[in-house]
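Enquirer: Below you will find the structure I want to go over with you.
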Amino acid sequence: MHWADFTAQRLQKERGNNQILCSGITPSGEIHLGNLREILTAEMIHRACLDLELNSRYIFIVDSMDPLRRIYPFLSDEYQKYIGCPLAYIPAPDKDGQPDSSLGSYSDYFLSPFLDALQQIGVQPEIIMNHQSYENGEFAKKIDGAIKHMTEIREIIETISGRELSDNWFPYNPIGSDGSMDGVIVTGYEYPYVSWTDRHDISGRSDIRKSEGKLPWRIDWAARWGFHGITCEPAGKDHGSAGGSFDTGIPICRLLGSEPPGKMVYEWIQLKGMGPMSSSSGNTIGPIEALGLVPPEIIRYLIAGSKVNKHIDFDTGGALFTMADEYERLVANPPSGDAEKLSKRQLIARDTKLGALRMSQIIHGTDPADSVAGVSFRHLSMLAQIKSDDEGIWNSLRQSSHIDGMPNQNLINRLARMRNWIEGPHFPTDAQIIIQSAITEEARDNLSTEQNSFLSEFQKRIIDYEWNESSINECIRESAAAVEIGMRQAYMALYWTILGKYFGPRIAALMSEIDKDEVMAIFSN
RNA sequence: GGGCCUGUAGCUUAGUCAGGUAGAGCGCCGGGCUUUUAACCCGGUGGCCAGGGGUUCGAAUCCCCUCGGGCCCGCCA
């Protein structure tokens, strides 16, 4: 069974027919591909719940109330004054990292491209801006409870996380006179006001029913589990390790009167050979960038086809072909078989694969067969390289009867992505089609006597042929027949000559795209 | 130091939670086909399931130990 279905069944047993799946992110910088795993993990479980006919909602909480913690590499020193201020209330950076209030809030600025990416991969969450939950007083009860149970919460955090909290620690961080939560010391509490003195020695009070302060992370998380009624929130393994925020969140959530979700921890996505993604190290690939290269259903398949607790190596090079091939093979030939005839293992394998395929669809519940657009990823990569205009590609596809009439939107999108990939730095060199200007040494060494005589024969004959695909092919066939050489050998000889390797795309189509004199020049050289 | 995950064929892995004769894809080898979609079709090769011990009629699966790999433990998914 697929992990999403398995989790959905477990949730039904544990929490009944109403489920609220949740994921959350902090928009402190460019949101990277790794964040997609959190979102897709939750969203796929949500879909599996819907498939079980449970009442399921999927909410996406943006940690817009989190403070700016430090000056990131892409920010100018101007941001010094905003450290400790909620991301929702400070201006977005411009190209030079200068704060520019005309660009909107910091949190919206980094969030909106990410929401576009979610749209593309078919994720439609209910979006909740956490600062609004503070503004409209949803947190008030939990804050009041946290302050009243201050001693117990302190003990939970100190014993479970092993961290020692300072004497003036307080389970609520008020915002001081300059908008920052740093250096603000709480001096008293009387509902609904927390009074404080900030680092400029200015005193004031915060109304816990408004966004005049926030709960520290570990309590904030536990509190919102409660008032949103969250039944499942997969967390990154940083939160999942012993003494992490999940372990403290569970008892704190109960202390505040609510049932916490069960612990569920997912592994991270790494860039192949480069370690975990991290905005600060610059070792990151954005979902926007990834979605510029890879069809969205294949991104989904990357997550759906991996177990939650396995780390994923994301590779923007040749492995994309392998991944796309696997997906297309699965779509073309989905595992089937009679449940009675299959062993338990084969049955599980079948259902897991079918589940992954189901979860990979952009639109929930649609037929996977519609997602492949009729053309394989590999074939499209070849066409995109030898044909510079899109119309030429559609013509070619019509001729090879891959498509009928006009290309659908899915295919148009795929081609656009393919062109991005090919033109960008990630495209693998061994997939590149490079037309040689002369026969290479390596090619010479690999060509047999028969192949050489085929090539001379072809060179002689082609002069009298038209320069188009079918005519070139005819010439290849006749030349091969004349020197009594197998077609495979004949094609290989042409690949060596024109591309400098022993394999390649349809050679006649490729040749017809190039000028005849240019091709003949390769032979002569 | 505390903890999590992980080790199955040359490679990527399924199967581990619910113990019941090791599955798949890629690669490789052989054959077929041929206007080659780096394709397709057929057949084959290949695993003391990291190692050791225990529980069991029976262990890749559960328990214990050892070793190797990845990662988390201020913020980060």
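Going by our numbering, the first residue of the first sequence is number 3, and it counts up by one from there. In this text, a Cβ means the ideal position worked out from N, Cα and C, and glycines have one as well.
1. Whole angstroms is fine: what's the gap from residue 522's alpha carbon to residue 458's?
2. Run through the DSSP bridge pairs and tell me what residue 196 is partnered with.
3. Going straight from the alpha carbon of residue 16 to that of residue 237, what length do you get?
4. Please state whether DSSP places residue 323 in a helix, a strand or coil.
5. Return helix, strand or coil for residue 99, following the three-state DSSP convention.
6. Helix, strand or coil for residue 186 per DSSP?
7. Which of the three DSSP states, helix, strand or coil, is assigned to residue 90?
8. Between the region 357-367 and the region 304-315, do three or more beta carbon pairs fall short of 8 Å?
9. What residue range is occupied by the uninterrupted beta strand (DSSP E) comprising residue 63?
10. Tell me the DSSP secondary structure of residue 544 in three-state form.
11. Buried or exposed for residue 161, going by 16 or more other Cβ atoms inside 10 Å?
12. Can you tell which of 188, 460 and 497 has its C-alpha closest to the C-alpha of residue 481?
13. Under 7 Å between the Cβ atoms of residue 25 and residue 40?
14. Compare the Cα-Cα distances from residue 243 to each of 256, 271, 254 and 164 and report the closest residue.
15. What first and last residue would you give for the alpha helix (DSSP H) that runs through residue 383?
16. Helix, strand or coil for residue 266 per DSSP?
17. Quick one: using the 10 Å Cβ neighbour count with 16 as the cut-off for buried, is residue 283 buried or exposed?
18. Taking DSSP as the reference, what is the three-state secondary structure of residue 406?
19. Thinking C-beta only, is residue 334 closer than 7 Å to residue 300?
20. Excluding the 5 residues flanking residue 209 on each side, which residues of the same chain have their C-beta closer than 7 Å to its C-beta?
21. Taking Cβ to Cβ, would you say residue 148 is nearer than 7 Å to residue 127?
22. So residue 179 and residue 206 are in contact, right, with Cβ under 8 Å, and what is the actual spacing, rounded?
23. Relative to the C-alpha of residue 131, which candidate in 27, 270 and 349 has its C-alpha closest?
24. Tell me which residues share the same chain as residue 398 and place their Cβ nearer than 8 Å to its Cβ, disregarding the 5 neighbours each side in the sequence.
25. Does the beta-carbon of residue 43 have 16 or more other beta-carbons within 10 angstroms, so that it is buried, or is it exposed?
26. So the candidates are 50, 90, 404 and 52; which of them puts its Cα closest to the Cα of residue 65?
27. What residue range does the alpha helix (DSSP H) around residue 147 cover?
28. Do the region 309-323 and the region 423-438 touch if we need at least three Cβ pairs shorter than 8 Å?
29. State the DSSP-derived secondary structure class of residue 505, mapped to helix, strand or coil.
30. Under 7 Å Cβ to Cβ from residue 358, same chain only, skipping five residues before and after it: list those, please.
31. For residue 100, which option in 220, 112, 80 and 185 has the closest C-alpha, if you only look at C-alpha atoms?
32. Between which residues of its own chain and residue 183 is the CB-CB distance below 6 Å, once the five residues before and five after are set aside?
33. So who's on the other strand from residue 234, going by DSSP bridges?
34. Judging by CA-CA distance, which residue of 12, 60 and 122 is the nearest neighbour of residue 295?
35. Taking its Cβ as the centre, do 16 or more other Cβ atoms sit within 10 Å of residue 6, making it buried, or is it exposed?
36. Given a cut-off of 7 Å, decide if residue 254 and residue 232 are closer than it, judged by their beta-carbon atoms.
Expert: Per the coordinate set shown:
1. Start at 1 with the first residue of the first sequence, and residue 522 comes out as number 520. Start at 1 with the first residue of the first sequence, and residue 458 comes out as number 456. Between residue 522 and residue 458, the C-alpha separation is close to 11 Å.
2. Translated into the one-based positions of the first sequence, residue 196 becomes position 194. Residue pairing for residue 196: DSSP places it in a beta bridge opposite 191 and 208.
3. Position 14 of the first sequence, counted from the start, is the residue given in the question as residue 16. Position 235 of the first sequence, counted from the start, is the residue given in the question as residue 237. If I take the Cα positions, the gap works out to 19 Å.
4. On the first sequence, position 321 is the one that residue 323 refers to. Residue state, collapsed to three classes: helix.
5. Position 97 of the first sequence, counted from the start, is the residue given in the question as residue 99. Shown here, residue 99 sits in coil according to DSSP, grouped into three states, outside any helix or strand.
6. Counting from one through the first sequence, the residue named residue 186 turns up at place 184. Of the three classes helix, strand and coil, the one that applies to residue 186 here is coil, per DSSP.
7. As a first step, residue 90 must be located in the first sequence, where it is residue number 88. Three-state DSSP puts residue 90 in a helix.
8. Yes, the region 357-367 is in contact with the region 304-315.
9. Start at 1 with the first residue of the first sequence, and residue 63 comes out as number 61. First-last of the beta strand (DSSP E) with residue 63: 57-64.
10. A query on residue 544 cannot be resolved here, the shown segment of the chain reaching from 3 to 527 and no further.
11. Within the first sequence, the letter at position 159 stands for residue 161. Residue 161 comes out exposed.
12. The residue given as residue 481 occupies position 479 in the first sequence. If we check each option's Cα against that of residue 481, 460 comes out closest.
13. The sequence position of residue 25 within the first sequence is 23, counting from 1. The sequence position of residue 40 within the first sequence is 38, counting from 1. With a cutoff of 7 Å on beta-carbon distance, residue 25 and residue 40 are scored as near each other.
14. Residue numbering aside, residue 243 sits at position 241 when the first sequence is read from its first letter. For residue 243, the nearest C-alpha among the options comes from 164.
15. Locating residue 383 in the first sequence gives position 381, counting from the first residue. 379-388 is the extent of the alpha helix (DSSP H) around residue 383.
16. If you number the first sequence from 1, residue 266 lands on position 264. Coil.
17. On the first sequence, position 281 is the one that residue 283 refers to. With a pLDDT of 43 at residue 283, under the threshold of 50, the modelled position of that residue is not reliable, and no figure is offered here.
18. Position 404 of the first sequence, counted from the first residue, corresponds to residue 406. Residue 406 falls in the coil class under three-state DSSP.
19. The sequence position of residue 300 within the first sequence is 298, counting from 1. The sequence position of residue 334 within the first sequence is 332, counting from 1. In this structure, residue 334 does not lie closer than 7 Å to residue 300 by Cβ.
20. Your numbering for residue 209 matches position 207 in the first sequence. Correct list, in chain order: 194 and 195.
21. Counting from 1 along the first sequence, the entry for residue 148 is found at position 146. Counting from 1 along the first sequence, the entry for residue 127 is found at position 125. In this structure, residue 148 keeps its C-beta atom at 7 Å or more from the C-beta atom of residue 127.
22. Here residue 179 refers to the residue found at position 177 when the first sequence is read from its first residue. Here residue 206 refers to the residue found at position 204 when the first sequence is read from its first residue. Between residue 206 and residue 179 the Cβ distance is about 6 Å, and since that is below 8 Å, they are a contact.
23. Within the first sequence, numbered from 1, the residue matching residue 131 stands at position 129. Of 27, 270 and 349, the residue nearest in Cα terms is 27.
24. Numbered from its first residue, the first sequence carries residue 398 at position 396. Counting only Cβ-Cβ distances below 8 Å, and skipping sequence neighbours, we find 385, 389 and 511.
25. Within the first sequence, numbered from 1, the residue matching residue 43 stands at position 41. Buried, because 16 or more other Cβ atoms sit within 10 Å of the Cβ of residue 43.
26. To locate residue 65, count along the first sequence from 1; it is residue 63. The option with the nearest alpha carbon to residue 65 is 90.
27. Position 145 of the first sequence, counting from 1, holds the residue named residue 147. Unbroken alpha helix (DSSP H) run through residue 147: 142-150.
28. With the cut-off at 8 Å, the region 309-323 and the region 423-438 touch.
29. For the purposes of this step, residue 505 is identified with residue 503 of the first sequence, where counting begins at 1. In this structure, residue 505 counts as coil in the three-state DSSP scheme.
30. Position 356 of the first sequence, counted from the first residue, corresponds to residue 358. Excluding positions up to five away in sequence, the list reads 4, 303, 306 and 307.
31. Numbered from its first residue, the first sequence carries residue 100 at position 98. The residue with the shortest Cα to Cα distance from residue 100 is 80.
32. Within the first sequence, numbered from 1, the residue matching residue 183 stands at position 181. Cβ within range, chain order: 69, 86, 175 and 177.
33. As a position in the first sequence, residue 234 is number 232, starting the count at 1. For residue 234, which the question treats as bridged, DSSP gives the partners 23.
34. As a working mapping, residue 295 is identified with position 293 in the first sequence. Residue 122 is the option with its Cα nearest to residue 295.
35. Position 4 of the first sequence, counted from the first residue, corresponds to residue 6. Residue 6 should be labelled buried.
36. For the purposes of this step, residue 232 is identified with residue 230 of the first sequence, where counting begins at 1. For the purposes of this step, residue 254 is identified with residue 252 of the first sequence, where counting begins at 1. No, Cβ-Cβ distance for residue 232 and residue 254 is not below 7 Å.
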